[in-house]
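S.K.: In this note's numbering, the protein residues as written are 989 to 1122.
All C-beta atoms, glycine included, are put in the ideal place defined by N, C-alpha and C.
Model, not experiment: these values are computed from the prediction.
1) Does the distance from the CB of residue 1070 to the CB of residue 1117 come in under 8 Å?
2) Checking 8 Å against the spacing of the C-beta atoms, do residue 1111 and residue 1074 come in under that value?
3) How about the region 1044 to 1058 and the region 991 to 999: do they share at least three Cβ pairs that are nearer than 8 Å?
4) Please look up how many angstroms separate the CB atoms of residue 1053 and residue 999, rounded, as I've assumed it's under 8 Å.
5) Counting only beta-carbon separations shorter than 8 Å, does residue 1072 have a partner in chain B?
6) If you draw a straight line from the alpha carbon of residue 1013 to that of residue 1020, how long is it in whole angstroms?
7) Could you tell me the boundaries of the alpha helix (DSSP H) in which residue 1035 lies?
8) Is residue 1019 helix, strand or coil when you go by DSSP?
9) Please report the residue range of the alpha helix (DSSP H) in which residue 990 lies.
10) How would you label residue 1102, buried or exposed, when you count the other beta carbons within 10 angstroms and need 16 or more for buried?
11) By the 10 Å Cβ neighbour count, where 16 or more other Cβ atoms means buried, how is residue 997 classified, buried or exposed?
12) Given a cut-off of 8 Å, decide if residue 1078 and residue 1108 are closer than it, judged by their beta-carbon atoms.
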């Protein structure tokens, strides 16, 4: 595997983006109500979900690290190409996987739009950050 220099401060900072974005995305100001409807859960049922936040934080760190490596391998050194890497990761991997699991899980297409939209924005932003910060 090609060795690349990783800026671990950038990885940590960029990992905060999906966390803050998720807090906004899944808030009542945006998609909390339609998301809860799509997963057939109530706000009371979702209380005490600390493990979910831990998993989200670990996932955000892994996503940030992976995008940092991909951006370095691709010699990305600007915002637009970093964002493009995030977009391509979503189009090639995340979007299709979410579509398949949503469909075969018997969930409504609206859930794919909400969750997929969040992942798309997060990947584009994290990719862009790594594109400009090395």
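M.R.: From the atom records:
1) yes
2) yes
3) Yes, the region 1044 to 1058 touches the region 991 to 999.
4) 5 Å
5) As a matter of chain content, chain B is missing from the structure shown, which is built from one protein chain.
6) If I take the Cα positions, the gap works out to 8 Å.
7) Looking at the DSSP string, residue 1035 is not in any alpha helix (DSSP H), and its letter there is neither H nor E.
8) coil
9) First-last for residue 990: undefined, no H or E at that position.
10) buried
11) exposed
12) Cβ atoms of residue 1108 and residue 1078: closer than 8 Å.
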